[in-house]
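This report refers to the structure that appears directly beneath it.
Residue numbers (the working numbering): 7 to 144.
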């Protein structure tokens, strides 16, 4: 009789391949004069800052959301929401955002919101398109 055992030790390093998320991102939307055609990507007045220290800030003329973030999968990161004006039901929670990088400077986010601010079930997926803001060369 042959008896074998094995033991797997967890690795200290994350197995997630890091994506280039850090920077200032501007929310964008598609505008088209033709039905069923995506159209042209246009900027909005909303910004997301993903910083080197794992913090995020969402803002327009004022800060509308803030907290910390950490990439948790090859195509996802989790925001721990500390403040949020337009989705207050997320305050104190971890919000998982799936992302797809398009050309390095466009990021499409997808996230799920279970309830509205009054606790009513909405069970909705939100999609946001963000474009990295780059300073023009001097």
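Think of the CB as a built atom: it goes at the ideal place given N, C-alpha and C, for glycine as much as any other residue.
Just to confirm, is the Cβ distance from residue 54 to residue 136 under 7 Å? Closer than 7 Å, so yes.
Which first and last residues belong to the beta strand (DSSP E) in which residue 1 is found? What is shown of the chain runs 7 to 144, which leaves residue 1 out entirely.
Hey, out of 78, 47, 52 and 42, whose CA is closest to residue 103's CA? Here the closest residue by C-alpha is 78.
Alpha carbon to alpha carbon, how far is residue 35 from residue 139? Give it in angstroms, no decimals. In this structure, the alpha-carbon of residue 139 lies about 15 Å from that of residue 35.
If you run the structure through DSSP and keep just helix, strand and coil, what is residue 57? In the structure shown, residue 57 sits in coil (DSSP, three-state: anything other than H, G, I, E or B).
Counting C-beta neighbours from all protein chains within 10 Å, is the total for residue 129 16 or more, i.e. buried, or is it exposed? It is exposed - the Cβ of residue 129 has fewer than 16 other Cβ atoms within 10 Å.
For residue 49, does the three-state DSSP call read helix, strand or coil? Per DSSP, reduced to three states, the secondary structure at residue 49 is strand.
Would you kindly work out how many angstroms separate the C-alpha atoms of residue 121 and residue 44, rounded to a whole number? Answer to the nearest angstrom: the Cα atoms are 29 Å apart.
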